[in-house]
Amino acid sequence: MGRRSKTKQPPPQPLQEHRVTGSSSFNNKRKATESASAPAPKKAAIAAANKKAKSAATSSKPTPISTPATKAIAKAEKAKAKAVPSKQTAAASAPVKGKKKATQQQQLDLAVDEDEDESGVEYEDVDEDIELEGEDEEDGLDALDEDDDDIELEEDDDDEEQEGDEEEDDLKKLGLPAKGTKLTAAQRKKALAEAERLELLLKSQGHSLESDDEGDGSEAGEEMEDEADDEEGAADGLTEEQLAFLDGAGEGPEGDDDDDDDFEDDSDGELLDGPLPEGAPANDFMLPTIEDREKEKVLGADLQLVHMRIQEVVNILGDFKRLATDGRSRSEYVEQLLADVCTFYGYNQFLAEKLFNLFSPAEAIEFFEANETPRPITIRANTLRTRRRDLAQALINRGVNLEPIGKWTKVGLQVFESSVPIGATPEYLAGHYMLQAASSFLPCIALAPQPGERVLDMASAPGGKSTYLSALMQNTGTVFANDSNKARVKSLTANVHRLGCKNVVVCNYDGRQFPKVIGGFDRVLLDSPCSGTGVIHKDPSVKTNKSERDIHLLTHLQKQLILCAIDSVNARSKTGGYLVYSTCSVLTEEDEEVVQYALKKRPNVKIVPTGIDFGRDGFTAFRDRKFDPKMSLARRIFPHAHNLDGFFLCKLKVEPINKKQQQQQAAAAAAAADDEAEAATTVVTGKVSKKVTANNDDAVSGASEVDEEAEEVVAAAATAAAATAGQDETPFDDEQDQELIQKSLAKHMKRKGQKPAAAGAAAPAAGKAKKVVKK
Ligand SMILES: C[S@@+](CC[C@H](N)C(=O)[O-])C[C@H]1O[C@@H](n2cnc3c(N)ncnc32)[C@H](O)[C@@H]1O
22 MGRRSKTKQP PPQPLQEHRV TGSSSFNNKR KATESASAPA PKKAAIAAAN
72 KKAKSAATSS KPTPISTPAT KAIAKAEKAK AKAVPSKQTA AASAPVKGKK
122 KATQQQQLDL AVDEDEDESG VEYEDVDEDI ELEGEDEEDG LDALDEDDDD
172 IELEEDDDDE EQEGDEEEDD LKKLGLPAKG TKLTAAQRKK ALAEAERLEL
222 LLKSQGHSLE SDDEGDGSEA GEEMEDEADD EEGAADGLTE EQLAFLDGAG
272 EGPEGDDDDD DDFEDDSDGE LLDGPLPEGA PANDFMLPTI EDREKEKVLG
322 ADLQLVHMRI QEVVNILGDF KRLATDGRSR SEYVEQLLAD VCTFYGYNQF
372 LAEKLFNLFS PAEAIEFFEA NETPRPITIR ANTLRTRRRD LAQALINRGV
422 NLEPIGKWTK VGLQVFESSV PIGATPEYLA GHYMLQAASS FLPCIALAPQ
472 PGERVLDMAS APGGKSTYLS ALMQNTGTVF ANDSNKARVK SLTANVHRLG
522 CKNVVVCNYD GRQFPKVIGG FDRVLLDSPC SGTGVIHKDP SVKTNKSERD
572 IHLLTHLQKQ LILCAIDSVN ARSKTGGYLV YSTCSVLTEE DEEVVQYALK
622 KRPNVKIVPT GIDFGRDGFT AFRDRKFDPK MSLARRIFPH AHNLDGFFLC
672 KLKVEPINKK QQQQQAAAAA AAADDEAEAA TTVVTGKVSK KVTANNDDAV
722 SGASEVDEEA EEVVAAAATA AAATAGQDET PFDDEQDQEL IQKSLAKHMK
772 RKGQKPAAAG AAAPAAGKAK KVVKK
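In the numbering used here, the protein residues as written are 22 to 796.
Below, the structure written as C-alpha cells:
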C-alpha cells in the first residue's frame with residue numbers, strides 16, 4: 022500500500038528558473054534546472070551526458086573520445102547486456118531502489134509542517150503521530166538520500182571504467198585510435214558512418230537502442246536526475262544535443278587547448294582537428310534532396326530515420342556555421358525540421374511553425390516531446406471539507422499512491438497510481454477533492470480573493486477554479502461562477518454542490534454580457550476559452566485541428582471577453598480591483614497580445630505581479646511585436662520546462678479612470694469598433710469551422726466536454742456575428758440616436774450600481790460597427 026510507483030513521473034514541482042527578459046528568453050538556451058524537469062528518459066540521458074561532460078572537463082586524464090560512433094557502440098554493448106543481465110547491472114541499480122525505501126507515509130510526513138489549511142482555517146492536529154514521525158524522519162531521509170548518492174556515484178565510477186574498457190576494445194576493432202587519442206576528420210567521418218551502420222544493424226535485429234538506464238528504470242532516471250541537479254560547472258544546463266556536440270567538439274577548433282601536445286600528424290597525413298578545409302562539412306549529415314523527399318512522400322516516411330534527422334538538424338542549427346553543409350541555408354534546415362516535426366509528431370504545418378517559433382530549435386523539440394507524455398495526475402484537497410493530510414491518509418488507506426505536489430501549493434497532491442478509480446472514491450463523491458491540473462491552481466492563487474469579496478469567474482465550467490476561489494474565501498462573500506455553455510454549467514453546478522461551496526452563484530451568460538448583467542466585482546477571473554496548445558497531451562486533436570482562422574476567431578473572442586472582464590471590476594474596491602487573465606495556450610496571440618490589446622483599450626489598467634515565483638516571464642517582445650515592459654510579470658508555464666500543463670497568466674490592476682483616460686478610452690473604443698465590425702463581417706460571410714475548439718484545462722473534463730465547448734465557441738462567434746449583422750436593420754444610425762442610447766444605457770447601469778463609463782464606450786463602438794457592416 023502506498024508504495025511509490027516505479028514508473029512515476031517527476032512530480033509537477035515547478036522549477037525555479039533564472040529570470041530572462043521576454044524578448045531574449047526564446048532565443049537563449051535553458052538553464053540547468055530546467056533540463057532536470059525534462060521527461061524522465063530524456064533526463065537520464067541528459068544527466069548522463071552532463072556527467073560525462075563534467076568528468077571530461079575536470080579529469081586530468083586524456084578525455085575519452087566520445088563520438089556518435091562510440092555512443093552507438095556503448096548502446097550496442099548495453100543492448101547486449103540487456104539480453105544477458107550482468108551482476109554489475111543489478112548491483113548498480115540496487116542503491117536506486119534503496120532510495121525508494123522511503124514509504125509514502127514518510128513522504129507525506131515531510132509535508133506536514135507546511136500542510137496548514139491554505140484558507141487560514143486552523144485545524145487541530147488530529148494525527149499528531151504522523152506529524153512527529155514526519156519531523157523525526159526528515160533528517161533521516163535526507164541522510165538516506167545522501168548515502169544513496171555516494172553509493173551510486175561509486176558504482177557509477179566502476180561502470181564508467183568498465184564501459185571505458187569496452188569502448189576501447191570496440192574502437193580497436195573499428196580501426197580507430199585508442200581512448201585519449203584525437204580523432205582526425207577522416208576518422209570522425211568513419212566513426213559516424215560506423216555508428217549509423219551499427220544503429221541500423223541493431224534496429225534491424227530488433228534490439229532496442231534504449232540503454233538500461235534510460236529504459237523502464239525511471240528510478241535510475243531519477244537518480245541520474247539528482248546527480249545532474251548536483252552537477253556544477255560549465256556542463257550544467259546543456260541539452261543532450263549540445264553535450265553530444267561537446268563530447269565530439271571538445272577536440273575541435275574551439276576545444277580545450279590543454280591537449281595540444283597530443284596533436285600529431287596521423288599516419289595518413291590527414292588534417293587533424295582544426296579549421297576544416299574550405300567547403301568541407303564538419304558534419305556529414307546531408308539534407309534530403311527534393312527527390313528523396315518526393316520518394317518519402319510516396320513510400321511513406323521511416324519514422325526512425327525522421328527522428329534521427331530531427332536530431333541531426335537540431336544539432337546543426339545549434340552550431341550552424343560549423344556544422345552546416347556549405348551552400349545550404351539555415352532556412353532550408355528549418356524547413357526540413359518543420360516538415361519532420363509534422364511527420365513525426367503529427368502536427369499540421371501551421372501549428373508546428375507557430376509553436377516552433379516560441380523556442381530555440383532544440384527546445385522546440387523538447388516541447389513537442391513533452392506533449393507526447395501525460396502530465397502527472399493531480400488533485401486539489403477541498404479545504405471546505407477536509408485537510409490535505411487527512412485526505413491523503415484516507416486515500417492511502419484505499420491504495421492510492423500519492424504525495425504533495427510541491428512547496429508552492431498547500432492543497433495539491435500528485436497521484437502516482439491507484440487501485441481505485443480516483444474519480445469515484447467515497448472521498449471524491451463527498452467532495453473532499455477536485456481532480457484538477459496543477460497549473461489551474463495558479464490563476465486562483467494569483468487572484469488571491471479575500472473573504473467577504475464579490476468575485477466573478479467569467480468562464481468557469483466545470484468549476485475547478487470557482488470552487489477553489491470559494492475555498493480560498495472560506496465560503497464567505499460571493500463567487501459568481503458563469504459559463505456560456507449550458508451543458509457545461511450542469512457539471513459546474515454539480516461540482517459546486519459536491520464540494521460544499523455555499524458562496525457560489527452559478528450563471529449562464531455569454532461573458533460579453535458582463536458588466537451589463539452585473540458588475541462592480543472586487544476581483545474577476547477570466548480563464549479564457551482558448552486553443553489548448555498548452556495541453557496537447559490531453560487533447561492531441563489540437564495538433565491537427567487548429568488553423569490560422571481558428572486562432573483568429575479565438576483571439577477575437579478573447580479580446581472581447583477581457584474588455585468586459587475589466588469593465589466588470591470595481592476600480593474603487595477597497596480590498597481588490599484586480600483581474601487575472603489566463604489561458605491554457607502557449608501562443609502569444611492568445612496571451613500577451615490579448616493583454617496588450619486590453620492595455621491599449623483601457624488606459625486605467627496596469628500589469629502587476631502574480632505572486633507566483635516560478636514559470637517564465639511573459640514576452641516583452643516577440644518577433645516583430647513589442648509588448649508592455651511589465652509583460653515580464655506575466656507567467657508562462659511550459660510542459661517540458663515545468664512538468665505542468667502549458668499555461669499563461671497575467672494579473673491586472675484596474676484603477677479608477679480619470680478624465681484623460683476616459684477620452685483615450687473613447688478613442689480606443691471607436692477604433693475597436695472597426696476591428697469588431699471587420700471580424701463580424703468575416704464570420705458572417707465565411708464558414709465557421711466546426712473544429713474551433715476551446716479547451717478546458719480541468720482534468721475531469723472528457724472529450725465530450727471539449728466538443729461541447731467547441732460548439733459553444735463556434736455558436737458564440739456566430740451569435741456575435743448575427744447580433745452585429747442584426748444592427749444593420751436597426752434604425753439607430755445617426756448621432757442623435759446614439760446619444761439617446763448612451764444616455765439611457767448610462768441611466769440603466771447607474772440604477773444597477775454599475776459604471777456608466779462602460780456604456781459610454783460601448784455605444785459609439787456599436788454605432789460605428791454597424792456602419793462598417795453596412796458598407
Ligand atoms: C478554459 S475553460 C474554463 C475552465 C474553468 N475555468 C475551470 O477551471 O474549470 C473555458 C470555458 O469558457 C467557456 N466559454 C466559451 N465562450 C464563452 C463566452 N463567450 N462566455 C463565457 N464562457 C465562455 C467554455 O464553455 C469553457 O467552459
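By construction, the Cβ of each residue, glycine as well, lies at the ideal position given by its N, Cα and C atoms.
**Asked** Can you name the residues that DSSP bridges to Glu-424?
**Response** Reading the sequence shown from its first residue, position 403 is the one you call residue 424. Answer by DSSP bridge pairing, in chain order: Gln-435.
**Message:** Please identify the residue among Gly-532, Ile-539, Leu-376 and Phe-501 whose C-alpha is closest to the C-alpha of Val-563.
**Reply:** Translated into the one-based positions of the sequence shown, residue 563 becomes position 542. Here the closest residue by C-alpha is Leu-376.
**Separation of Val-616 from Asn-378, as counted between CA atoms** = Numbered from 1 along the sequence shown, position 357 holds the residue referred to as residue 378. Numbered from 1 along the sequence shown, position 595 holds the residue referred to as residue 616. In this model, Asn-378 and Val-616 are separated by some 20 Å (Cα to Cα).
**Request:** For Ser-606, name the three-state secondary structure that DSSP assigns.
**Result:** The residue labelled residue 606 in the question sits at position 585 within the sequence shown. For Ser-606, the secondary structure class from DSSP, reduced to helix, strand or coil, is coil.
**Beta-bridge pairing of Cys-671 - partner residues as DSSP gives them** = Mapped onto the sequence shown, residue 671 falls at position 650. The bridge partners DSSP lists for Cys-671 are Tyr-602.
**Request:** Could you spell out the range, first to last residue, of the beta strand (DSSP E) harbouring Phe-462?
**Result:** Against the sequence shown, residue 462 aligns to sequence position 441. Unbroken run through Phe-462: none, as it is neither H nor E.
**Request:** Kindly confirm or deny that the segment 642 to 652 and the segment 577 to 586 touch, where touching means at least three C-beta pairs closer than 8 Å.
**Result:** Between the segment 642 to 652 and the segment 577 to 586 there are fewer than three inter-stretch CB-CB distances shorter than 8 Å, so the stretches are not counted as touching.
**Asked** Using the rule of at least 16 other Cβ atoms within 10 Å of the residue's Cβ for burial, across every protein chain shown, is Pro-650 buried or exposed?
**Response** Numbered from its first residue, the sequence shown carries residue 650 at position 629. Sixteen is the threshold: since fewer than 16 other Cβ atoms of the shown chains lie within 10 Å of the Cβ of Pro-650, the residue is exposed.
**Span of the beta strand (DSSP E), counted from its first residue to its last, around Ala-502** = Here residue 502 corresponds to residue number 481 of the sequence shown, with the count starting at 1. First-last of the beta strand (DSSP E) with Ala-502: 499 to 503.
**Prompt:** Roughly how far, in whole angstroms, is the beta-carbon of Val-607 from the beta-carbon of Thr-554, given that I think they are within contact range, below 8 Å?
**Reply:** The count along the sequence shown starts at 1 and reaches residue 607 at position 586. The count along the sequence shown starts at 1 and reaches residue 554 at position 533. Confirmed, about 5 Å.
**Prompt:** Between Arg-351 and the rest of its own chain, which residues show a CB-CB distance below 6 Å, the 5 nearest in sequence each way excluded?
**Reply:** Here residue 351 is taken as the residue at index 330 of the sequence shown, counted from 1. So the list reads Phe-341, once near-sequence residues are dropped.
**Request:** Please classify Gly-354: does DSSP put it in a helix, a strand, or coil?
**Result:** Working through the sequence shown from its first residue, we reach residue 354 at position 333. Note that residue 354 is Tyr in the sequence shown, not Gly. Correct three-state label for Tyr-354: helix.
**Message:** Taking the beta carbon of Met-307 as the centre, do at least 16 other beta carbons fall within 10 Å, making it buried, or is it exposed?
**Reply:** Here residue 307 corresponds to residue number 286 of the sequence shown, with the count starting at 1. Exposed: under 16 other Cβ atoms inside 10 Å.
**Request:** Use the C-beta contact count for Ser-487: other C-beta atoms within 10 angstroms, 16 or more gives buried, fewer gives exposed.
**Result:** One-based indexing of the sequence shown puts residue 487 at position 466. By the 10 Å Cβ count, Ser-487 comes out buried.
**Prompt:** Between the C-alpha atoms of Gln-457 and Arg-349, what's the straight-line distance to the nearest angstrom?
**Reply:** Position 436 of the sequence shown, counting from 1, holds the residue named residue 457. Position 328 of the sequence shown, counting from 1, holds the residue named residue 349. The straight-line gap from Cα to Cα measures roughly 48 Å.
**Item:** For Cys-363, the three-state DSSP class (helix, strand or coil)
**Value:** To locate residue 363, count along the sequence shown from 1; it is residue 342. If DSSP states are grouped into helix, strand and coil, Cys-363 belongs with the helices.
**Message:** Let's see if you can read the secondary structure: which residues bound the beta strand (DSSP E) around Asp-548?
**Reply:** Against the sequence shown, residue 548 aligns to sequence position 527. Segment 544 to 548, the beta strand (DSSP E) holding Asp-548.
**Request:** Specify the secondary structure class of Ala-65 as computed by DSSP and reduced to three states.
**Result:** Counting from one through the sequence shown, the residue named residue 65 turns up at place 44. Since pLDDT at Ala-65 reaches only 39, below the 50 mark, its modelled position is unreliable, and the value read off the structure follows with that caveat. Collapsing the DSSP output to three states places Ala-65 in a helix.
**Asked** Is the CB-CB distance between Lys-674 and Val-629 below 8 Å?
**Response** Translated into the one-based positions of the sequence shown, residue 674 becomes position 653. Translated into the one-based positions of the sequence shown, residue 629 becomes position 608. Yes.
**Prompt:** Can at least three beta-carbon pairs, one atom from the segment 446 to 454 and one from the segment 469 to 482, be found at a separation below 8 Å?
**Reply:** Contact between the segment 446 to 454 and the segment 469 to 482 is absent, because fewer than three Cβ pairs lie under 8 Å.
**Asked** Taking 7 Å as the cut-off, is the CB of Pro-550 close to at least one heavy atom of ligand 1?
**Response** Taking the sequence shown and counting its residues from 1, one reaches residue 550 at position 529. Indeed, a heavy atom of ligand 1 lies less than 7 Å from the Cβ.
**Asked** At what residues does the beta strand (DSSP E) containing Lys-627 begin and finish?
**Response** Counting from 1 along the sequence shown, the entry for residue 627 is found at position 606. From DSSP, the beta strand (DSSP E) with Lys-627 extends over 626 to 629.
**Prompt:** What residue range is occupied by the uninterrupted alpha helix (DSSP H) comprising Val-616?
**Reply:** Position 595 of the sequence shown holds residue 616. Per DSSP, Val-616 is one residue of the alpha helix (DSSP H) stretching across 613 to 622.
**Asked** Are the Cβ atoms of Pro-677 and Ala-619 separated by less than 8 Å?
**Response** The sequence position of residue 677 within the sequence shown is 656, counting from 1. The sequence position of residue 619 within the sequence shown is 598, counting from 1. In this structure, Ala-619 does not lie closer than 8 Å to Pro-677 by Cβ.
**Message:** Can you tell me where the alpha helix (DSSP H) holding Val-527 begins and where it ends?
**Reply:** Position 506 of the sequence shown, counting from 1, holds the residue named residue 527. For Val-527, there is no enclosing alpha helix (DSSP H); the enclosing beta strand (DSSP E) has its first and last residue at 525 to 528.
**Asked** Looking at the unbroken beta strand (DSSP E) that takes in Ala-402, where does it start and where does it end?
**Response** In the sequence shown, residue 402 corresponds to position 381, counting from 1. Here the beta strand (DSSP E) through Ala-402 covers 398 to 402.
**Prompt:** According to the Cβ coordinates, are Gly-5 and Leu-450 closer than 8 Å?
**Reply:** Beyond the ends of the chain as shown, which are 22 and 796, falls residue 5; an answer cannot be given.
**Asked** ligand 1 heavy atoms versus the CB of Asn-392: any closer than 7 Å?
**Response** What you label residue 392 is simply residue 371 of the sequence shown in a count that begins at 1. Exclusion of Asn-392 from the 7 Å shell around ligand 1 follows from its C-beta lying no nearer than that to any non-hydrogen atom of the ligand.
**Any C-beta of chain E under 8 Å from that of Asp-649** = Judged by its chain identifiers, the structure shown contains no chain E, having just a single protein chain.
**Message:** On the criterion of 16 or more Cβ atoms from any shown chain inside 10 Å, does Ile-325 qualify as buried, or is it exposed?
**Reply:** For this step, residue 325 is matched to residue 304 along the sequence shown. Per the sequence presented here, residue 325 reads as Gln, with Ile not at that position. Exposed.
**Asked** Which residue comes first and which comes last in the beta strand (DSSP E) that contains Ile-658?
**Response** Along the sequence shown, one-based indexing puts residue 658 at 637. Element bounds for Ile-658: 656 to 658.
**Request:** Report yes if the C-beta distance between Cys-551 and Cys-605 is below 8 Å; otherwise report no.
**Result:** Indexing the sequence shown from 1 puts residue 551 at position 530. Indexing the sequence shown from 1 puts residue 605 at position 584. Cβ atoms of Cys-551 and Cys-605: closer than 8 Å.
**Request:** Decide if Gln-534 is buried, meaning its Cβ has at least 16 other Cβ atoms within 10 Å, or exposed.
**Result:** Position 513 of the sequence shown holds residue 534. Classified as exposed, Gln-534 has fewer than 16 neighbouring CB atoms from the shown chains inside 10 Å of its CB.
**Prompt:** DSSP beta-bridge partners for Lys-647?
**Reply:** Counted from its first residue, the sequence shown places residue 647 at position 626. BP columns for Lys-647 point to Ala-642.
**Message:** Distance check for Lys-621 and Ala-692, CA to CA, integer angstroms please.
**Reply:** In the sequence shown, counting from the first residue as 1, residue 692 sits at position 671. In the sequence shown, counting from the first residue as 1, residue 621 sits at position 600. Straight-line Cα distance between these residues: approximately 11 Å.
**Prompt:** Does the Cβ of Pro-470 lie closer than 7 Å to at least one heavy atom of ligand 1?
**Reply:** Working through the sequence shown from its first residue, we reach residue 470 at position 449. Checking the Cβ of Pro-470 against ligand 1 gives no.
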